[in-house]
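J.: Residue numbers for the sequence shown follow UniProt numbering, so the first one is 1 and each next one is one higher.
Where a beta carbon is used, it is the ideal one built from N, C-alpha and C, also for glycine.
Next up is a structure, given as structure tokens.
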Amino acid sequence: MAASRLEAADRVTLLMAFVPYLIDQGAVPVDQLALHFDITPAQVQELVQLLAMSGVPGDNGFYQHQDLFDINWDLFEEEQIVELWQHVAVEATPRFSAREAAALLAGLQYISAIVPDKDKSVIEQLVSKIALGASAAPENLLVTPAASPVDLEVIRQAVASGLSVHFSYQNATGERLSRTVDPLRLDLVGESWYLRGWSHEREALRTFRLDRISDLSISTQQITTTLTHGDLPDELFDISDSHIRVSCVVEESSLPLISAYRPVVVNAAEGDTVQIEVAFSDLSSVPVFVSQLPGAIRVVSPPEAVSAVSRWAKQALTGYNA
1 MAASRLEAAD
11 RVTLLMAFVP
21 YLIDQGAVPV
31 DQLALHFDIT
41 PAQVQELVQL
51 LAMSGVPGDN
61 GFYQHQDLFD
71 INWDLFEEEQ
81 IVELWQHVAV
91 EATPRFSARE
101 AAALLAGLQY
111 ISAIVPDKDK
121 SVIEQLVSKI
131 ALGASAAPEN
141 LLVTPAASPV
151 DLEVIRQAVA
161 SGLSVHFSYQ
171 NATGERLSRT
181 VDPLRLDLVG
191 ESWYLRGWSH
201 EREALRTFRL
211 DRISDLSIST
221 QQITTTLTHG
231 DLPDELFDIS
241 DSHIRVSCVV
251 EESSLPLISA
261 YRPVVVNAAE
271 GDTVQIEVAF
281 SDLSSVPVFV
291 SQLPGAIRVV
301 SPPEAVSAVS
311 RWAKQALTGY
321 NA
């Protein structure tokens with residue numbers, strides 16, 4: 001949120017956007033304007049007062065009534081609703097700067113490389129419009145997305161056909177499992193691709209890393225879930241009531257190294273250590289987590305998680321004793 005009073009540059013920028021918005025929307029409540037432009041109602045009132053004193057001088061260099069913006073003052077003062085009665089000159093939405101256009105074009109270029117061919121023409125048209133609408137020629141950028149380790153077209157065809165996909169999946173412990181999944185959504189996070197879908201074996205939503213998938217094929221089973229990609233949360237990994245919440249003690253400086261597990265700091269422990277809570281879908285993942293920082297993570301509870309780590313450590317020691 002902006003400061004209590006707007007800077008001059010902010011006022012000009014907002015006024016340039018205010019006018020076409022009011023022309024398009026008609027009468028708009030102050031609160032709605034504040035929400036739309038991410039400013040306070042008081043700042044909206046400040047802009048309205050400024051708008052009433054703005055315009056374009058006539059041929060003689062002086063302002064006449066028809067050269068100024070005018071609003072419905074009764075509606076504004078009595079009901080806090082802004083309605084333009086008269087507008088002049090500035091009616092166009094501000095153009096993107098060269099830097100803003102370049103950033104948008106880079107994002108669209110990134111998307112264009114991963115969308116189906118049938119959608120590429122829409123993106124190309126949008127790229128052309130943004131480039132032409134910029135205030136200056138945007139810089140030429142070349143953006144290349146991460147290559148997918150599996151054929152994405154197989155997943156797209158499965159979705160279009162209403163069929164599930166079948167594949168072999170290597171979990172975090174290195175075990176290979178056979179999975180049948182109703183594909184719902186593909187996500188690209190950094191350099192890693194993820195498939196999100198309904199697992200027939202788990203009867204729940206699951207997220208799979210594509211670089212751990214092999215032998216991907218379209219199955220003969222119809223998609224059974226009624227969920228759609230729009231029903232999925234933005235968070236890549238969902239924590240449900242069935243997850244096991246494990247309490248651990250780690251050094252505070254180690255938190256960035258285990259951020260992928262989304263640790264929640266519960267409270268400070270002793271010295272430079274903190275107590276955290278991490279959610280796991282099953283106990284077999286806990287020893288894998290501990291092995292990320294050998295000797296730096298101590299599992300406190302629940303007892304079954306402590307036992308899982310203890311068994312894992314003893315099994316590892318038997319290999320050395322043999």
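From Ala160, Asn171, Gly271 and Leu232, pick the residue whose C-alpha is nearest to that of Val250; which is it?
T.: Cα-wise, what sits closest to Val250 is Gly271.
J.: Answer with buried or exposed for Arg176, where buried requires no fewer than 16 other C-beta atoms within 10 angstroms of its C-beta.
T.: It is exposed - the Cβ of Arg176 has fewer than 16 other Cβ atoms within 10 Å.
J.: List the endpoints of the continuous beta strand (DSSP E) containing Leu35.
T.: Taken as a continuous stretch (DSSP letters only), Leu35 belongs to no beta strand (DSSP E), being part of the alpha helix (DSSP H) at Val30 to Phe37.
J.: In the DSSP assignment, what are the bridge partners of Val309?
T.: Paired residues: none, contrary to the question.
J.: Quick one, are the C-beta atoms of His229 and Leu184 less than 7 Å apart?
T.: It is a contact, given that the beta carbons lie within the stated cut-off.
J.: Compute the beta-carbon to beta-carbon distance between His243 and Ala204, rounded to the nearest angstrom, for a pair I have assumed lies under 8 Å.
T.: 10 Å between Cβ atoms; not a contact.
J.: Going straight from the alpha carbon of Ser214 to that of Arg179, what length do you get?
T.: Whole-angstrom Cα-Cα distance: 11 Å.
J.: Go through its chain and collect everything with a Cβ distance to Val274's Cβ below 6 Å, but skip five positions before and after it.
T.: Counting only Cβ-Cβ distances below 6 Å, and skipping sequence neighbours, we find Glu252, Val265 and Ala268.
J.: Can you check which of these residues, Arg245, Gln157 and Val150, is closest to Phe167 by C-alpha distance?
T.: Checking every option, the nearest Cα to that of Phe167 belongs to Val150.
J.: According to the Cβ coordinates, are Val286 and Ala308 closer than 7 Å?
T.: Yes.
J.: Beta strand (DSSP E) containing Asp215: first to last residue?
T.: Run containing Asp215: Ile213 to Gln222, per the beta strand (DSSP E) assignment.
J.: Pro183 bridges to which residues according to DSSP?
T.: Beta-bridge pairing links Pro183 to Gly197.
J.: Is there a C-beta anywhere in chain C that falls below 7 Å from the one on Arg212?
T.: Judged by its chain identifiers, the structure shown contains no chain C, having just a single protein chain.
J.: Ends of the beta strand (DSSP E) at Ala279?
T.: Looking at the DSSP string, the run of the beta strand (DSSP E) that includes Ala279 is Thr273 to Phe280.
J.: So, are the CB atoms of Ser112 and Ile123 less than 7 Å apart?
T.: Yes; because the gap between Cβ atoms is below 7 Å, this pair is in contact.
J.: Rounding to the nearest angstrom, what Cα-Cα distance links Ser128 and Lys118 in this structure?
T.: C-alpha separation (whole angstroms): 17 Å.
J.: Among all the DSSP beta bridges, which residues are the ones paired with Arg202?
T.: DSSP lists no partner for Arg202.
J.: With which residues is Arg99 paired in a DSSP beta bridge?
T.: Arg99 pairs with nothing; no bridge assigned.
J.: Does DSSP put Glu251 in a helix, a strand or coil?
T.: If DSSP states are grouped into helix, strand and coil, Glu251 belongs with the strands.
J.: With 16 as the cutoff for other CB atoms within 10 Å, does Pro303 come out buried or exposed?
T.: Exposed.
J.: Of the residues Leu227, Asp70, Trp73 and Tyr21, which one's Cα is nearest the Cα of Val159?
T.: Nearest C-alpha to Val159: Leu227.
J.: Which of the three DSSP states is assigned to His166 in this structure?
T.: Strand at His166.
J.: Run the CB neighbour count on Ala102, radius 10 Å, all protein chains shown included, and call it buried at 16 or more, exposed below.
T.: Result: buried.
J.: My guess is that Val165 and Ser217 are in contact by the Cβ rule of under 8 Å, so how many angstroms apart are they, rounded?
T.: Between Ser217 and Val165 the Cβ distance is about 7 Å, and since that is below 8 Å, they are a contact.
J.: Which class does Phe69 belong to by DSSP, given the choice of helix, strand or coil?
T.: Phe69 falls in the coil class under three-state DSSP.
J.: What number of angstroms, rounded off, separates the C-alpha of Asp31 from the C-alpha of Phe76?
T.: Whole-angstrom Cα-Cα distance: 12 Å.
J.: Tell me whether Glu91 is buried or exposed, calling it buried when 16 or more other Cβ atoms sit within 10 Å of its Cβ.
T.: Legend: pLDDT at Glu91 = 45, less than 50; position of this residue unreliable, value from coordinates given subsequently. With fewer than 16 other Cβ atoms within 10 Å, it is exposed.
J.: Suppose you measure from the CA of Trp312 to the CA of Ile155; what does that come to, to the nearest Å?
T.: Each residue's Cα considered, the two are about 36 Å apart.
J.: Is Trp198 near Thr225, with beta carbons less than 7 Å apart?
T.: Yes, Cβ-Cβ distance for Trp198 and Thr225 is below 7 Å.
J.: Could you tell me which residues DSSP puts in a beta bridge with Arg298?
T.: DSSP lists Val249 as partners of Arg298.
J.: When you compare only the Cα positions, how much space is there between Ala17 and Leu33?
T.: C-alpha separation (whole angstroms): 11 Å.
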